[in-house]
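Accompanying notes for the structure given below.
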Amino acid sequence: AAALQRLREVFDIEELPPDVLSRKKPPQFMVDLFNKVADPYGVTRAPGLLQGDVVRSFEDTVHVDQHHFYFDISAMEKGEQVLKAEFRVFKLKMTRVSRRSDVKHFCKVKVYELLESGSKPQKKHLIASRLLSLYTEGWEVFNVTQTASKWVRNSSSNHGFLITATHVFNNRIEHNLIKFAKSQDTLQESRKALLVLFTNSNKRRSPSFVLSSTSKFTRVFDYELSVQLLRPRAAPVPSAKGQVTACHRQELHVDFHAIGWSGWIIYPSGYNAFYCRGSCLFPLGESLNATNHATVQSIVHTLKLSQDVSTPCCVPDELKSLNLLYFDDKENVVLKNYKDMVATRCGCH
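Residue numbers for the sequence shown follow my numbering, so the first one is 684 and each next one is one higher.
Structure (structure tokens):
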């Protein structure tokens, strides 16, 4: 139990989410984003593909009003900084073609922030507007960064968005001019409106993590903590008498099903963290990626210039980040990047 608690700290999971994968599908946008930034095992493809280290998606919760959209963003963590926010709605194709000669092929769509709640909200603030074709369908994405940042700072100011459509020629609002996919329509399940927040978590370390978060040794310490919790207790490998294995990388498969997390982690189902083992004896060859300090330490140890000096340690020399796509404890889908989770190279330090 203590080991799993520490593992939750490494993955920054305060409350274990419920098992929702069997009854709920993640938004396709989030799945596509995961595949863009990570390989099938969650390892980051290249740095800089993701803006921030967390992407949160929130689904529209208004079922009655076709033009009102509300997102419960209370799952945002304290200190989380919004870098970008997108309001994503799926515009449906207009099925009936009007015979009226005054109806054009385009309409003007406006997105407002509602400034008050109630059945007939009046006060609103214009965020964006654009011309849309009546007879095409697809996703429309609006930048709502300023509004979402305000809602994160003050949750009571969140009353949602309102979308209006007007005729281009006379600016008259007509509610049935165009329709957007709404969450109560099971046929439009994959087209639910989303509020997507790209954020920096700005998480501070707990006092138990003693070293500076920017130091290489701390990053290795974080990685080693997860490895110690997950490494299987393997039987010692028999070796010839006196034979010493040099520092090298070995596989360490982490299976989320075995840990009991497969009910809420969408991707990946597991990953290979790798770990480092072996000795760092003099002489340290180029393949051991030794630091100058480690080289001097190995010489001092070999020449027995000091009784207290041991051989250098075989530790991760290069680490890559891991991406998890999962349901949080409020059933929102989150993509989170965890730094320094996969050892890509080992060395003597």
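All C-beta atoms in this analysis are idealised placements derived from N, C-alpha and C, irrespective of residue type, glycine included.
Owing to the predicted nature of the structure, the values given are computational and were not obtained by experimental measurement.
Within its chain, find whatever has a CB closer than 6 Å to the CB of residue i; leave out the 5 residues flanking it on each side and keep chain order.
i	result
PRO700	TRP947, PHE1010, ASP1011 and ASP1012
LEU704	GLY946
CYS930	GLY961, CYS963, LEU971, CYS997, CYS1029 and CYS1031
SER832	VAL765
GLU823	VAL772 and LYS774
TYR753	THR744, VAL745 and GLY843
PRO709	ILE949 and VAL1016
I need the DSSP call for residue i, collapsed to helix, strand or coil.
i	result
LEU1002	strand
SER873	helix
GLN749	coil
TRP947	coil
ARG836	helix
THR928	coil
ALA917	For ALA917, the predicted model reports a pLDDT of 45, less than 50, meaning its position is unreliable; a value from the coordinates is still stated below. Of the three classes helix, strand and coil, the one that applies to ALA917 here is coil, per DSSP.
THR882	strand
HIS936	strand
THR819	coil
THR994	coil
Since residue i is in the beta strand (DSSP E), which residue starts that stretch and which ends it?
i	result
GLN711	No beta strand (DSSP E) holds GLN711; the alpha helix (DSSP H) holding it covers 711-720.
LYS807	807-816
GLN764	764-774
LYS761	No beta strand (DSSP E) holds LYS761; DSSP gives it neither H nor E.
CYS1031	1016-1031
ARG960	958-960
VAL738	737-742
VAL851	It is not in any beta strand (DSSP E) - VAL851 carries neither H nor E in the DSSP assignment.
ASN955	953-955
Since residue i and residue j are thought to touch, with beta carbons under 8 Å apart, how far apart are those beta carbons, to the nearest angstrom?
i	j	result
HIS750	THR847	7 Å
ASN1020	ASP715	Wrong, their Cβ atoms sit about 16 Å apart, outside the cutoff.
HIS788	SER816	6 Å
VAL927	GLY953	About 32 Å separates the two Cβ atoms, so there is no contact after all.
TYR724	PRO951	5 Å
VAL851	PHE957	The pair is not a contact, with the Cβ atoms about 59 Å apart (cut-off 8 Å).
GLU763	THR882	5 Å
Cα-Cα, which of the options is closest to residue i?
i	options	result
CYS959	PHE694, VAL827 and GLU934	GLU934
SER1004	PRO723, VAL703 and ARG728	ARG728
ILE696	ARG836, SER884 and PRO730	SER884
LYS767	PHE752, ASP748 and LEU733	LEU733
MET713	VAL1016, ASP1023 and VAL1025	VAL1016
GLU760	ALA956, GLY821 and GLU698	GLU698
HIS940	ASP702, ARG689 and ALA685	ASP702
GLU742	PRO730, ASP755, GLY731 and ALA686	ASP755
ASN955	HIS976, PRO730, ARG836 and ASN1006	ASN1006
Under DSSP, the alpha helix (DSSP H) around residue i begins and ends at which residues?
i	result
ILE942	939-942
GLU692	685-693
SER800	It is not in any alpha helix (DSSP H) - SER800 carries neither H nor E in the DSSP assignment.
So, at 8 Å on beta carbons, what are the nonlocal neighbours of residue i in its own chain, with the 5 sequence-adjacent residues on each side left out?
i	result
ASN859	none
VAL794	PHE770, LEU809, ILE810, ALA811, SER812, PHE825, VAL827, PHE844, LEU845 and ILE846
LEU814	PHE789, CYS790, LYS791, VAL792 and VAL851
Quick one: does residue i have its CB under 8 Å from some CB of chain C?
i	result
LEU817	Going by chain labels, chain C is absent from the structure shown, which holds only one protein chain.
Ordered along the chain, which non-local residues of its own chain (more than five positions away) have a Cβ less than 7 Å from that of residue i?
i	result
SER898	Any reading at SER898 needs caution, since the residue's pLDDT is 43, under 50, leaving its predicted position unreliable; the model's value is listed next. Same-chain partners within the cutoff: there are none.
ALA684	none
PHE717	TYR950, ASN1006, LEU1008 and LEU1018
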